[in-house]
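These notes are about the structure you will find just below.
Protein chains: 2
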Amino acid sequence: MIEYYDISGCYILRPWAMSIWENMQTFFDAEIKKMKVKNCYFPLFVSPGVLQKEKDHIEGFAPEVAWVTKSGESDLEVPIAIRPTSETVMYPYYSKWIRGHRDLPLKLNQWCNVVRWEFSNPTPFIRSREFLWQEGHTAFATKEEADTEVLQILELYRRIYEEFLAIPVTKGRKSELEKFAGGLYTTSVEAFIPNTGRGIQGATSHCLGQNFAKMFEINFENEKGEKSMVWQNSWAYSTRTIGVMVMVHGDNKGLVLPPKVAALQVIVIPVPYKDADTQGIFDACAATVAILSDAGIRAEADLRENYSPGWKYSNWEMKGVPLRIEIGPRDLANNQVRAVRRDNGEKADISRVFLVEQVKGMLEKIQQNLFDVAKRKRDACIEVVKTWDEFIKALGQKKLILAPWCDEEEVEKDVKARTKGEMGAAKSLCTPFEQPELPEGTKCFASGKPATKWTYWGRSY
Amino acid sequence: MIEYYDISGCYILRPWAMSIWENMQTFFDAEIKKMKVKNCYFPLFVSPGVLQKEKDHIEGFAPEVAWVTKSGESDLEVPIAIRPTSETVMYPYYSKWIRGHRDLPLKLNQWCNVVRWEFSNPTPFIRSREFLWQEGHTAFATKEEADTEVLQILELYRRIYEEFLAIPVTKGRKSELEKFAGGLYTTSVEAFIPNTGRGIQGATSHCLGQNFAKMFEINFENEKGEKSMVWQNSWAYSTRTIGVMVMVHGDNKGLVLPPKVAALQVIVIPVPYKDADTQGIFDACAATVAILSDAGIRAEADLRENYSPGWKYSNWEMKGVPLRIEIGPRDLANNQVRAVRRDNGEKADISRVFLVEQVKGMLEKIQQNLFDVAKRKRDACIEVVKTWDEFIKALGQKKLILAPWCDEEEVEKDVKARTKGEMGAAKSLCTPFEQPELPEGTKCFASGKPATKWTYWGRSY
Chain A
0 MIEYYDISGC YILRPWAMSI WENMQTFFDA EIKKMKVKNC YFPLFVSPGV
50 LQKEKDHIEG FAPEVAWVTK SGESDLEVPI AIRPTSETVM YPYYSKWIRG
100 HRDLPLKLNQ WCNVVRWEFS NPTPFIRSRE FLWQEGHTAF ATKEEADTEV
150 LQILELYRRI YEEFLAIPVT KGRKSELEKF AGGLYTTSVE AFIPNTGRGI
200 QGATSHCLGQ NFAKMFEINF ENEKGEKSMV WQNSWAYSTR TIGVMVMVHG
250 DNKGLVLPPK VAALQVIVIP VPYKDADTQG IFDACAATVA ILSDAGIRAE
300 ADLRENYSPG WKYSNWEMKG VPLRIEIGPR DLANNQVRAV RRDNGEKADI
350 SRVFLVEQVK GMLEKIQQNL FDVAKRKRDA CIEVVKTWDE FIKALGQKKL
400 ILAPWCDEEE VEKDVKARTK GEMGAAKSLC TPFEQPELPE GTKCFASGKP
450 ATKWTYWGRS Y
Chain B
0 MIEYYDISGC YILRPWAMSI WENMQTFFDA EIKKMKVKNC YFPLFVSPGV
50 LQKEKDHIEG FAPEVAWVTK SGESDLEVPI AIRPTSETVM YPYYSKWIRG
100 HRDLPLKLNQ WCNVVRWEFS NPTPFIRSRE FLWQEGHTAF ATKEEADTEV
150 LQILELYRRI YEEFLAIPVT KGRKSELEKF AGGLYTTSVE AFIPNTGRGI
200 QGATSHCLGQ NFAKMFEINF ENEKGEKSMV WQNSWAYSTR TIGVMVMVHG
250 DNKGLVLPPK VAALQVIVIP VPYKDADTQG IFDACAATVA ILSDAGIRAE
300 ADLRENYSPG WKYSNWEMKG VPLRIEIGPR DLANNQVRAV RRDNGEKADI
350 SRVFLVEQVK GMLEKIQQNL FDVAKRKRDA CIEVVKTWDE FIKALGQKKL
400 ILAPWCDEEE VEKDVKARTK GEMGAAKSLC TPFEQPELPE GTKCFASGKP
450 ATKWTYWGRS Y
């Protein structure tokens, strides 16, 4: 999937990872185009004046900004920043392009790289100094339209995780402390890694309100001829998605790839024996690949002669290919193939007459099973707590903690301060949109004040 | 298409340009995947040690390299370069990944941004400090395989120009002076801009030979168990393609987009009159768009009520939409539409019964006509010269000069020195693969030595 690079915090995305990215991209790009979002490309570089225009925003990003100060042997007159995100890159031009209500909504997206020079624990996919993402930036005449789009995009992110990556996520709203720097409110899909007991922010859809519009003077003349300020959103998902997938589905044999995103869905392996019709077996493998490929299934045969079938099994299991098809003398004789699932090891003999339907069916079952298993494991980690003592105990057990909260920023700061330590502090993950009932009189687990909502807490990536 | 950016030499690619890029990308990406090239993504950053490994290469790029020296408030221990191209980024890992002949060929490609901090005349699309491109990097066991691929890729580049952008190009080989820094030989497709009388390198497919393999120690055990060095290629085309298209087809009304790459192929405009059935006309416009869209034609209607039909005509002509469809009362009554071509202004009344076939036919004709006209204009600029005086005269007339040449590096340097001036020096553009007959005894136009080939010369971008 990746290769470590000689600059710390940078990684090489090898084709096996890249094709997962491309499979998600094809889906998402088509969906946002249906929503009339158009792709564009803004520069990598930001001038310091513009970058610093929105105060909260730059405070959030300043420590991680990489600066270009030289070209060739010459010093630049002014250092130039590399985009950590593109709000400040784009919005001066939104101000220029948006004049009247007929220019709205403006909906742009770009697929690009961004740089955040983080010093804490670089981790492949999850926290890297450069990563790939899409960033959508939209402007509307009304808050209602912006609110609606925030949730439409969040639903697409849920589908990427649940339908493509087979990972259950929770849709919700971030706390004031955890929201996007400079925005009005942030929604996210949150995943959880049972093995490490940490939450992970999967993707975010922000309503920026009018904060950036004010700073960048993005005004328009509304239908009544009055000067108005736009309402803006920004939303992004990144190659982090692939890292979440690796952590959620991987097992002690290696990767496990959900069929919908796998570069290769089926690997066909010949299993010849001493006296068998080796050529016949190899031909059957090639024919199987041809039939599956014609049906739109991503299939290849591993016909290398210098490796044993057993070695090949392990190799492709390690790489996570969802379905293995073995063809040996008995299969050849019976006009069948043997199919072995990567997710649970189940085996089935499939008549070659029904090859395509059966393989398609198995791939769907694998996709569904990966999701079901991941959801069962995630749900088993959820712990409902009501008091600080229960909270601390659940945190020690690496649970995904659901707790009644007063939703006060100072209280979250206090929770962070009180849970600081080697493992990192606990923080709020999200306030889920689907709220369990909150009986009147319920107290905040941390402050004892009246609770206003249920919120997920835990340590996170 | 573009917007100027507040950092000199950087430009914003607006959706109108981006969709042209995406239309070419869809074609090229599918074609290279058929050739078993796989997409990947390598980091934006290069450490100085690696960048400087191939001496000729770094000499070629050093003056244009942008350097990151700071992150947040801290100075980096070592400055880090931003890729001007990725040979030195990738090849240390090729060395790691390639061990035996079974690891070959290795064929990778990435779609990414690169940075060349040029100081001479930044021009949108043509010469910008950051641009988008694809870069393919392949390694083979034999020179023959590398040679073959160089030409396969060059043919794809020809198709992008001729079939998609409707621009005639010449396939050929670059001179020693003009070849890729550090490579063995460079092939290119060369276009010509009649208005300015300048040649322009359209895209390049390089055989790197074994130069980089030597520097980066990319060796493998061949089938006989001997240690061998790989043969490498690299090849790229960039957003410059869009700039060439703008210059070749644009006219005094604005852009002219070839249908195959146009974001919008057909714009439908209602032409209501005072007493006409306005609603009926608007409905017919919407229905026309629906029918064309269903047939896979990129069509939209401009139903804005506050602009006159005439204003809309000019507006969409300026934007270069290949075909305009007008629907007025007479068209409504006759169950027809009026179609007007952007390329030559030709008008036709089309029965709505045959709408899809007729529109498809017209789009094909426009595509072909744009190519034919561009080729006629380009061909009219070609001047065959045999002596220095003829050369200088043709250069003054901004011709695309075809001249017999001795193919010596010193002679090209001399030509450059002797033609230096405000307009820039003349240089060799390419030695076309299709060579006219070269009668025995023909002399080089510049040196008077025996000529070995016909070569195109001129000023260039």
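Note that the protein sequences, when read in sequence, are chains A and B.
Going by numbering that gives the first Met the number 0, the letters in the first sequence line up with residues 0 to 460, in that order.
Going by numbering that gives the first Met the number 0, the letters in the second sequence line up with residues 0 to 460, in that order.
Heads up, the beta-carbon is just placed ideally off N, CA and C, and yes, glycines get one too.
Check: Cutting at 8 Å between CB atoms, please list the residues of its own chain near B/G277, excluding the five before and the five after it.; Outcome: Reading the sequence as shown, one finds Thr at residue 277 of chain B and not Gly. Excluding sequence neighbours, B/T277 sits near P269, P271.
Check: Report all residues from its chain with a CB closer than 7 Å to the CB of B/A283; omit the five preceding and five following residues, and keep chain order.; Outcome: I326, L331
Check: Determine, for B/F41, whether the minimum Cβ-Cβ distance to residues of chain A falls below 9 Å.; Outcome: yes
Check: Checking the sheet assignment: what are the DSSP bridge partners for A/G135?; Outcome: A/N108, A/W234
Check: Among the candidates A/K392, A/P435, A/W456, A/E421, whose CA atom is the shortest distance from the CA of A/V467?; Outcome: Past the boundaries of the shown model lies residue 467 of chain A; chain A is included only from 0 to 460, so the question cannot be answered.
Check: Where does A/V51 sit, in a helix, a strand or coil, going by DSSP?; Outcome: Per the sequence shown, the amino acid found at residue 51 of chain A is Gln instead of Val. A/Q51: coil per DSSP, three-state reduction.
Check: Apart from the five residues just before and just after A/L263, which ones in its own chain have a Cβ nearer than 6 Å to its Cβ?; Outcome: R297, E299, V320
Check: Compute the beta-carbon to beta-carbon distance between A/I79 and B/I6, rounded to the nearest angstrom, for a pair I have assumed lies under 8 Å.; Outcome: 6 Å
Check: Closest to A/V36 by C-alpha separation, out of B/R13, B/R351, B/T441, would be which residue?; Outcome: B/R13
Check: Among B/F370, B/E439, B/E408, B/Q51, which residue has its Cα nearest to the Cα of B/S427?; Outcome: B/E408
Check: Quick one: what's B/I79 bridged to in DSSP?; Outcome: B/V67
Check: Verify the contact flag: B/L43, CB atom, against every heavy atom of the ligand ZN, threshold strictly below 8 Å.; Outcome: Absence of the ligand ZN is noted for the structure shown, with no ligands found whatsoever.
Check: So the candidates are B/V260, B/N108, B/E189; which of them puts its Cα closest to the Cα of B/K374?; Outcome: B/E189
Check: Measuring only the C-alpha atoms, how far is B/G181 from A/L43?; Outcome: 27 Å
Check: Would you mind working out which of B/K364, B/E143, B/A402 sits nearest B/R341, comparing C-alpha positions?; Outcome: B/K364
Check: My assumption, with CB atoms under 8 Å, is that A/V243 sits in contact with A/I166. Please give the rounded CB distance.; Outcome: 6 Å
Check: Please report how far the alpha carbon of A/W310 lies from the alpha carbon of A/D293, in whole angstroms.; Outcome: 28 Å
Check: Could you please give the first and the last residue of the uninterrupted alpha helix (DSSP H) stretch that includes A/C206?; Outcome: Premise fails: A/C206 lies in the beta strand (DSSP E), 197 to 208, not in any alpha helix (DSSP H).
Check: Should the region 200 to 220 of chain A be called in touch with the region 442 to 450 of chain A, which here means at least 3 C-beta pairs below 8 Å?; Outcome: no
Check: Could you check if A/G344 is buried or exposed, using at least 16 other CB atoms within 10 Å of its CB as the buried criterion?; Outcome: exposed
Check: In whole angstroms, give me the CA-to-CA distance for A/A235 and B/C111.; Outcome: 18 Å
Check: In whole angstroms, what separates the C-alpha of B/A138 from that of B/I97?; Outcome: 9 Å
Check: So A/P269 is in the beta strand (DSSP E); what residue range does that whole segment cover?; Outcome: 265 to 269
Check: Given a cut-off of 9 Å on the beta-carbon distance, is the pair A/L155 and A/E30 in contact?; Outcome: yes
Check: Please confirm if B/L12 has its CB atom under 9 Å from at least one CB of chain A.; Outcome: yes
Check: Mind checking if B/P403 is an interface residue toward chain A, Cβ cutoff 9 Å exclusive?; Outcome: no
Check: Can you give me the Cβ contacts of A/F163 inside the same chain, cut-off strictly under 6 Å, excluding the 5 residues immediately before and after it?; Outcome: M23, K259, V260
Check: Taking beta-carbon pairs under 8 Å, can you tell me which members of the region 22 to 41 of chain A lie near chain B?; Outcome: K37, N38, C39, Y40, F41
Check: When the Cα atoms are used, what is the spatial distance from A/Y92 to B/Y3?; Outcome: 10 Å
Check: Could you check the C-alpha separation between B/R458 and B/W387 for me, to the nearest Å?; Outcome: 15 Å
Check: Taking a Cβ distance cut-off of 8 Å, strictly less, list which residues of the region 60 to 80 of chain A are near chain B, in chain order.; Outcome: A61, P62, E63, V64, A65, W66, V67, T68, K69, S70, G71, E72, P78, I79
Check: Kindly indicate which three-state DSSP category A/W456 falls into: helix, strand or coil?; Outcome: strand
Check: Per DSSP, which residues does B/Y184 bridge with? Please list them.; Outcome: B/C206
Check: If we cut at 9 Å on Cβ distances, does A/I6 have a partner in chain B?; Outcome: yes
Check: Within this structure, are the beta carbons of A/I1 and A/F124 separated by less than 9 Å?; Outcome: yes
Check: Find the nearest neighbour of B/N334 within the set B/G279, B/V384, B/L322, B/G208, judged by alpha-carbon distance.; Outcome: B/G279
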